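When we follow full-length UniProt numbering, the leftmost residue of the sequence shown carries the number 1, and every step to the right adds one.
Here the structure is laid out as structure tokens; the discussion comes afterwards.
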Amino acid sequence: MVRNYQPKTHRKPADRNLRVRFTKREQIDAEQVAEVLIRVALREAGTGSPAGQAGTQLRQLLSPER
Numbered sequence: 001m002v003r004n005y006q007p008k009t010h011r012k013p014a015d016r017n018l019r020v021r022f023t024k025r026e027q028i029d030a031e032q033v034a035e036v037l038i039r040v041a042l043r044e045a046g047t048g049s050p051a052g053q054a055g056t057q058l059r060q061l062l063s064p065e066r
């Protein structure tokens, strides 16, 4: 698992809303759900939203200085 989530290049932040597509299934792929939640949290890190607060906490947990 990659432990360094610091961006290497400066990117313009996304200004579009998050689109979610729901597909009903009998069983969920927990690994895939976790990956999406981690990506959303890291993308929102630093904002005042609950997802942003979770992303900030996640970045702190994944930092190599820990």
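Where is the CB? At the ideal position from N, CA and C, for every residue including glycine.
All values reported here derive from a predicted model rather than from experimental measurement.
Secondary structure note for ALA41: its alpha helix (DSSP H) is the uninterrupted segment 30-44.
By alpha-carbon distance to GLY46, the top candidate from LEU58, GLU35, VAL33, VAL36 is LEU58. As the crow flies, the alpha-carbon of GLN32 is around 15 Å from that of GLU26. For ARG21, the secondary structure class from DSSP, reduced to helix, strand or coil, is coil. The three-state reading of DSSP puts PRO64 in coil, since its state is none of H, G, I, E or B.
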